Amino acid sequence: MNKKIYLILLLFLTILLAGYYFTTEIKSFWINHLAGLGVMLFSGLTIVGLNKKKLPIKEKAEFKLNQIPAITAGIIGLLGFNNFIQVLGTKVAGIEMEVLIKSAGFNKYLVTLIIFTVFEEIVFRRILAQFIKNKIGIVKGIWISALIFSVGHIYSDTGLLYAFFGGLVFAYIYFKTKNIYLSIWAHLFYNLLTYFLTPIFADNINSLYEYPIILTIIIISITLIYGMVWQLRKPEKQQLV
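And the structure:
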């Protein structure tokens, strides 16, 4: 059984990488992005086929009001951690951070950002992560789906490590809330923050490029992420008492 599951995952990843590779040859922005959506959709079909009834079975969605501020804080923490781990790495390595920012591509088309976010959550969390969780458990569902999500960004401007961290957090949110809409919102909130704050971050990088500031922000970010994890686990613990 496990061998068949891993073969399905390998097929999913192969289609994803091969498809994304060919989209890099497409010069038109809109055709490139439409092709990318098609690749994601086709990859998802390796698991569910053409029958929506074959969607991996999930538990009934749970929504609690205290999840919203917890997830919001956690996503802010994830953004701070991903960005300032990068800043710390460049400072330790002696790389000029301003050059790194200027060389990175930045998607100026908000519509495609929103559409891709929704598609990624449906394919990578609702279909892929849920499929893995149903077959071999929630822990592997989180880690393996995050790894595939990360590798799937190999041809994008998003760093593999940062995509992996994001994949872990989004999958955790999805499984703990059992709510795909909350994971979509979390992912969209992260991408929108990145979209609007990157120019501000680039303009003020010199004032932030000091070890005390970098380390302080990283520690605060980790604390926010841990707070989110603790809050989302809290109801589960209370039920066991």
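Count the sequence shown with my numbering and you get residues 4 to 244, in order. All C-beta atoms in this analysis are idealised placements derived from N, C-alpha and C, irrespective of residue type, glycine included. Predicted model only: the values in this text are computed from it and were never measured.
Asked: If I measure Cβ to Cβ from I11 and keep anything under 7 Å in the same chain, skipping five residues before and after, which residues do I get?; Found: T49 and I50
Asked: Would you mind working out which of N86, K6 and N207 sits nearest L3, comparing C-alpha positions?; Found: The question about residue 3 has no answer, for the chain in this structure spans 4 to 244.
Asked: Given a cut-off of 9 Å on the beta-carbon distance, is the pair M231 and G80 in contact?; Found: yes
Asked: For the alpha helix (DSSP H) containing L13, name the first residue and the last one.; Found: N5 to T26
Asked: Can you find at least 3 beta carbon pairs, one from the stretch 58-74 and one from the stretch 177-186, that sit closer than 8 Å?; Found: yes
Asked: Kindly list the residues whose CB is nearer than 6 Å to the CB of L131, restricted to its own chain and excluding five residues on each side of it in sequence; keep chain order.; Found: S148
Asked: Shortest alpha-carbon distance to A174 belongs to which of L13, V90, G140 and G39?; Found: G140
Asked: Would I88 pass as an interface residue toward chain B - the criterion being a Cβ-Cβ separation below 9 Å?; Found: Absent here is chain B; the protein component of the structure consists of one chain.
Asked: From G108 to T201, what does the alpha carbon distance come to, in whole angstroms?; Found: Because the pLDDT at G108 is just 47, under 50, the model does not fix this residue reliably, and the value given afterwards should be weighed accordingly. Near 11 Å, if we compare the C-alpha coordinates of T201 and G108.
Asked: Going by alpha carbons, who is nearest to I71 out of K179, I217, I29 and N194?; Found: K179
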